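Enquirer:
2 protein chains.
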Amino acid sequence: MGVGREGQRRKGAQVTANGPSAKDTAAARRGRARRPTMKDIAQRAGVSESAVSFALNDRPGVSEVTRARVRRVAEQLGWRPSTAARALSGEGAATVGLVLARPAATLGVDSFFLQLISGIQEILSDRGLGLLFQVVEDVTAECAVYRRWWAEHRVDGVLVVDPRTDDPRPALLDELGLPAVVIGALTDERGRTGAGLSQVRADDAGGMAVIVDRLYALGHRRIAHVAGLPSLAHTERRIRSLRVEAGRRGLSDVHSFTTDYSDTEGAAVTRRLLDRGAPPTALIYDNDVMAAAGAAVAAGLGRAVPGDVSVVSWEDSALCRLVRPWLTALSRDTIAFGRLAAGELAALLDGGPARTVQVPLPRLIERESTERARPVPQESRSDDV
Amino acid sequence: MGVGREGQRRKGAQVTANGPSAKDTAAARRGRARRPTMKDIAQRAGVSESAVSFALNDRPGVSEVTRARVRRVAEQLGWRPSTAARALSGEGAATVGLVLARPAATLGVDSFFLQLISGIQEILSDRGLGLLFQVVEDVTAECAVYRRWWAEHRVDGVLVVDPRTDDPRPALLDELGLPAVVIGALTDERGRTGAGLSQVRADDAGGMAVIVDRLYALGHRRIAHVAGLPSLAHTERRIRSLRVEAGRRGLSDVHSFTTDYSDTEGAAVTRRLLDRGAPPTALIYDNDVMAAAGAAVAAGLGRAVPGDVSVVSWEDSALCRLVRPWLTALSRDTIAFGRLAAGELAALLDGGPARTVQVPLPRLIERESTERARPVPQESRSDDV
DNA sequence: TGGTGGCACTCAAGCGCTTTAGTGCCCGAT
DNA sequence: ATCGGGCACTAAAGCGCTTGAGTGCCACCA
């Protein structure tokens, strides 16, 4: 009896609900179907586990016919390597991490992230990599998550979004030895920070140049830029680029104002700007939500868009075609962006070198919210491009 | 020499970059800092590994003073359990999965998912559970992902979204023995499907009743419902509920039309409806994007919103306050929804029973897009509520 | 004084996989 | 005839953790 019980226990999950005592306890639920292991394959194929391992991992040490046989058996059994076991024996967790540091409330206002993630997934799932995802409140918490993931052996690398000025994350990841790719790039100057850190850069300077070029050509001379969070590296970059573009064209009434990306702040800043003595004739918003909110505010103040003021959104989305007038927007292929980033991370995990790649210049989709600036008396337009 | 090398190899990652031959190869990057293991704790605390395990897992078998000592050492060392090792020894992966079956393009139009996820996270991270996330094209691919996750030992349970009519997923998950909670609930009738399957139900019938109640009170008698994907369970439920509510009030000109949730289809259906002989005086849209698109179409056709036609969105978001007129919307606490679902799953993983819980009735936020129906000559309003 | 329990703790196996060090075999070179 | 070497494959250890089966010790009762 004792022996019988032992034997039964040893077989573990193989027991198939023997008897109709089907109490639906949590224990009973576990392992309803049994996962095949390499041992099963080895048995069926009549070789040792090592041989199976060699065969399945394209390692030398088995003949081609054995390799084929093992492969066939594995497929028949529907075998998949246990990531846990793999990770434990040093192969890594076959998972990459992505943490989003955003207060819950401001989440999901823009479509950027889901698109990005969807691009990321395309590449990752091709490579059999999982994506561990986490939303936290701030960067401090984000760093804690990296530490935890690292200590728990959960991820092989991470994708870092929303790079900041004075970002603590690269140093931490370097310390932990976690390969990472920064999406959106740190400051232009420093270049790569530590080995194992790739960057996928959006061309913020280029984007800004595209917008200013166009607005200038349309005769706009007083331009305001309603930017995003001041702590983000790309906000800083866009502001700097705008200043450069303005300087190049001798424009003096060109300014940036930072916000928290919310429709509320976007609206508030817009109201302040339009109430000025010589209000801007063109407004550049760092996201679609603020652009829409800003356009609505302008309309509310009796300013025609684009008659009195042109509006450009730095982010294209369905929203830009849901408000009237339709918003002119800078459109980038966010999905491709995600794909690129994931590709870089995969390369890094394969032992490739850290690189900095740049995504193509975004395109300006001109819709209804921009048009030629109303001629201003005291300024001739002879200095046009 | 041979011995020396062996010894060195055995110590593995403990080697600290001996010598300045710091080639930044992928190999060198691995394990820059060493993760402490239970063995380290055991050594320092002067007990066996088992004792450490007991101590850290609140299991009996160690005295309180030892437990405290072990805990202290663990904390000092910054120890965290390796999920890989845990998973391997049968404890589960401490991870739950969430897969989103949506074509990449239609992703991110609504804010629903990120909000939901953010709520989910709150609970999961409290419990030390990770969230493995995946975006796929369709339900078939989704099922494949479940299979893979299961075989790879990656997740302990999953959160299922977008339940469908004739949903293949519950059966699959049951077969695999993967605990799951369905977010949004399957058809009302069947109730729980298999053990280990909890449901968190949005009250679609209640929501529809709230909307129809209000519209009816405002005098609307011809109501159209621009619904979402016909294959989704909640679409079906809403349509059914509308029919019931209409029947109860003796309304005959009340119909539903399914779409793919896109602004395009929402607009198209709206145009068709408004071009009819006796167009509806009120339109209910199954999401915010279609509501906004529909309102724009109405305006384009010269119908005043809400003067000629009232608009209600079944989903509140920033968008509802970015278009003019502001959209009346059914508002639910999506973050709380996520929290609830994650809580149910956690309970399930703890061995709790499968349950079906219901979230509170959504509230109707009345904004500018609804008002009293224009009185219709051939119909007295004496039968009002 | 010997037995008996319970307590605090250790031993060792095992989870599924990788990997290093063998082992046996056959073939060609000496 | 013998040896070396390459090849196909096996044995076994180890990754970090859990867990059932001990083990030694002490208090307590008969």
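Protein chains in written order, with the working numbering: chain A, 1 to 385; chain B, 1 to 385.
Quick reminder that beta carbons are idealized off the backbone N, C-alpha and C, glycines included.
Quick caveat, the model's predicted, so the values are computed rather than measured.
Three Cβ pairs or more, each shorter than 8 Å: is that satisfied between the stretch 112-128 of chain B and the stretch 334-343 of chain B?
Expert: Result yes; three or more Cβ-Cβ pairs closer than 8 Å.
Enquirer: Taking only beta-carbon atoms, is residue 337(A) less than 8 Å away from chain B?
Expert: Sequence index remark: in the first sequence, residue 337(A) carries index 337 (1-based). Answer no: the Cβ-Cβ gap between residue 337(A) and chain B never drops below 8 Å.
Enquirer: CB-CB under 7 Å to residue 41(A), same chain, minus the five flanking residues each way: which ones, in chain order?
Expert: Your numbering for residue 41(A) matches position 41 in the first sequence. For residue 41(A), where only same-chain residues beyond five positions count, the Cβ hits under 7 Å are 52, 70, 73, 74, 77 and 79.
Enquirer: Going by the CB atoms, is the gap between residue 226(A) and residue 285(A) shorter than 8 Å?
Expert: As a first step, residue 285(A) is located in the first sequence; it is residue number 285 there, counting from the start. As a first step, residue 226(A) is located in the first sequence; it is residue number 226 there, counting from the start. For residue 285(A) and residue 226(A), yes; Cβs fall inside 8 Å.
Enquirer: State yes or no: is the beta carbon of residue 81(B) nearer than 8 Å to at least one beta carbon in chain A?
Expert: Within the second sequence, numbered from 1, the residue matching residue 81(B) stands at position 81. Taking Cβ atoms only, chain A reaches closer than 8 Å to residue 81(B), which makes this a yes.
Enquirer: Tell me whether residue 283(A) sits in a helix, a strand or coil according to DSSP, three-state version.
Expert: The sequence position of residue 283(A) within the first sequence is 283, counting from 1. Residue 283(A): strand per DSSP, three-state reduction.
Enquirer: Just tell me which of 164(B), 280(B), 66(B) and 102(B) has its CA closest to the CA of residue 115(A).
Expert: Locating residue 115(A) in the first sequence gives position 115, counting from the first residue. Considering only alpha carbons, the answer is 102(B).
Enquirer: If you measure beta-carbon to beta-carbon, which residues of the stretch 300-331 of chain B are closer than 9 Å to chain A?
Expert: Against chain A - using a Cβ distance shorter than 9 Å - the residues of the stretch 300-331 of chain B are 300, 317, 318, 319, 321, 322, 323 and 324.
Enquirer: Please tell me whether residue 126(B) has its Cβ less than 8 Å away from any Cβ of chain A.
Expert: Within the second sequence, residue 126(B) is the residue found at index 126, counting from 1. Chain A contact via Cβ: absent.
Enquirer: Does the count of Cβ pairs from the stretch 301-309 of chain B and the stretch 243-250 of chain B closer than 8 Å reach three?
Expert: Too few Cβ pairs lie closer than 8 Å, so no.
Enquirer: Check the Cβ of residue 263(A) against every Cβ in chain B and list those closer than 9 Å, keeping chain order.
Expert: What you label residue 263(A) is simply residue 263 of the first sequence in a count that begins at 1. Correct list: 318, 321 and 322.
Enquirer: Would DSSP call residue 312(B) helix, strand or coil?
Expert: On the second sequence, position 312 is the one that residue 312(B) refers to. Note: residue 312(B) maps to strand in three-state DSSP.
Enquirer: Cα separation between residue 282(B) and residue 179(B)?
Expert: The residue labelled residue 282(B) in the question sits at position 282 within the second sequence. The residue labelled residue 179(B) in the question sits at position 179 within the second sequence. Going by the C-alpha atoms only, they are around 42 Å apart.
Enquirer: Along chain B, in chain order, which residues have C-beta atoms closer than 7 Å to that of residue 152(A)?
Expert: Indexing the first sequence from 1 puts residue 152(A) at position 152. Result: 80, 81, 82 and 83.
Enquirer: Given residue 207(A), which residues of its chain have a CB within under 6 Å of its CB, disregarding the five upstream and five downstream residues?
Expert: Mapped onto the first sequence, residue 207(A) falls at position 207. If we look at residue 207(A) and ignore the five residues flanking it on each side, its Cβ neighbours are 330 and 362.
Enquirer: With a 10 Å radius around its C-beta and 16 neighbouring C-beta atoms as the bar for buried, classify residue 65(B) as buried or exposed.
Expert: The residue you call residue 65(B) lines up with position 65 of the second sequence. Label assigned to residue 65(B): exposed.
Enquirer: Would you tell me roughly how many angstroms separate the C-alpha atoms of residue 346(B) and residue 356(B), rounded to the nearest one?
Expert: Stepping through the second sequence from its first residue, residue 346(B) is reached at position 346. Stepping through the second sequence from its first residue, residue 356(B) is reached at position 356. Their backbone Cα atoms lie some 14 Å apart in a straight line.
Enquirer: Can you tell me which residues form a DSSP beta bridge with residue 340(A)?
Expert: Reading the first sequence from its first residue, position 340 is the one you call residue 340(A). DSSP lists no partner for residue 340(A).
Enquirer: Can you tell me whether residue 234(B) is helix, strand or coil according to DSSP?
Expert: Reading the second sequence from its first residue, position 234 is the one you call residue 234(B). Reduced to three states, the DSSP call for residue 234(B) is helix.
Enquirer: Using the rule of at least 16 other Cβ atoms within 10 Å of the residue's Cβ for burial, across every protein chain shown, is residue 350(B) buried or exposed?
Expert: Reading the second sequence from its first residue, position 350 is the one you call residue 350(B). Exposed, by the Cβ-count rule.
Enquirer: List, in chain order, every chain A residue whose beta-carbon is nearer than 7 Å to that of residue 121(B).
Expert: By one-based count along the second sequence, residue 121(B) stands at place 121. Those within 7 Å of residue 121(B) in chain A are 134 and 135.
Enquirer: For residue 301(B) and residue 326(A), what's the separation of their Cα atoms in angstroms?
Expert: Numbered from 1 along the second sequence, position 301 holds the residue referred to as residue 301(B). Numbered from 1 along the first sequence, position 326 holds the residue referred to as residue 326(A). When rounded, the distance between both Cα atoms is 17 Å.
Enquirer: Under DSSP, the alpha helix (DSSP H) around residue 301(B) begins and ends at which residues?
Expert: Numbered from 1 along the second sequence, position 301 holds the residue referred to as residue 301(B). First-last for residue 301(B): undefined, no H or E at that position.
Enquirer: Are the CB atoms of residue 155(A) and residue 93(A) within a distance shorter than 8 Å?
Expert: Mapped onto the first sequence, residue 93(A) falls at position 93. Mapped onto the first sequence, residue 155(A) falls at position 155. The answer is yes: Cβ separation under 8 Å.
Enquirer: Would you call residue 137(B) buried or exposed, if buried means 16 or more other Cβ atoms sit within 10 Å of its Cβ?
Expert: One-based indexing of the second sequence puts residue 137(B) at position 137. Exposed.
Enquirer: Residue 209(B) and residue 237(B) - do their beta-carbons sit closer together than 8 Å?
Expert: By one-based count along the second sequence, residue 237(B) stands at place 237. By one-based count along the second sequence, residue 209(B) stands at place 209. Result no, Cβ atoms of residue 237(B) and residue 209(B) do not sit closer than 8 Å.
Enquirer: Do you know how far the Cα of residue 223(B) is from the Cα of residue 275(B)?
Expert: By one-based count along the second sequence, residue 275(B) stands at place 275. By one-based count along the second sequence, residue 223(B) stands at place 223. Their Cα atoms are separated by approximately 14 Å.
Enquirer: Is DSSP giving residue 329(B) helix, strand or coil here?
Expert: The count along the second sequence starts at 1 and reaches residue 329(B) at position 329. If DSSP states are grouped into helix, strand and coil, residue 329(B) belongs with the strands.
Enquirer: DSSP three-state call for residue 364(B): helix, strand or coil?
Expert: Translated into the one-based positions of the second sequence, residue 364(B) becomes position 364. Residue state, collapsed to three classes: strand.
Enquirer: State yes or no: is the C-beta of residue 113(B) within less than 8 Å of the C-beta of residue 100(B)?
Expert: Here residue 113(B) refers to the residue found at position 113 of the second sequence. Here residue 100(B) refers to the residue found at position 100 of the second sequence. Against a cut-off of 8 Å, the Cβ pair of residue 100(B) and residue 113(B) comes out as a contact.
Enquirer: Which same chain residues, not among the five before or five after residue 220(B), have their C-beta less than 7 Å away from its C-beta?
Expert: Numbered from 1 along the second sequence, position 220 holds the residue referred to as residue 220(B). Answer for residue 220(B): 281, 282, 310 and 373, listed in chain order.
Enquirer: Could you spell out where the alpha helix (DSSP H) holding residue 266(B) opens and where it closes?
Expert: Start at 1 with the first residue of the second sequence, and residue 266(B) comes out as number 266. First-last of the alpha helix (DSSP H) with residue 266(B): 263-274.
Enquirer: Just to make sure I have the definition right: I need the residues of chain B whose C-beta is within less than 9 Å of the C-beta of residue 369(A). Which are they?
Expert: If you number the first sequence from 1, residue 369(A) lands on position 369. Here the premise fails: no neighbours, minimum Cβ distance about 13 Å.
Enquirer: Do you know how far the Cα of residue 135(A) is from the Cα of residue 243(B)?
Expert: The residue given as residue 243(B) occupies position 243 in the second sequence. The residue given as residue 135(A) occupies position 135 in the first sequence. Roughly 40 Å between the two C-alpha positions.
Enquirer: Check this for me: beta carbons of residue 149(A) and residue 97(A), under 8 Å apart or not?
Expert: Taking the first residue of the first sequence as position 1, residue 149(A) is located at position 149. Taking the first residue of the first sequence as position 1, residue 97(A) is located at position 97. Yes, Cβ-Cβ distance for residue 149(A) and residue 97(A) is below 8 Å.
Enquirer: Check residue 321(B) in the structure and name its three-state DSSP category.
Expert: Numbered from 1 along the second sequence, position 321 holds the residue referred to as residue 321(B). Residue 321(B): helix per DSSP, three-state reduction.
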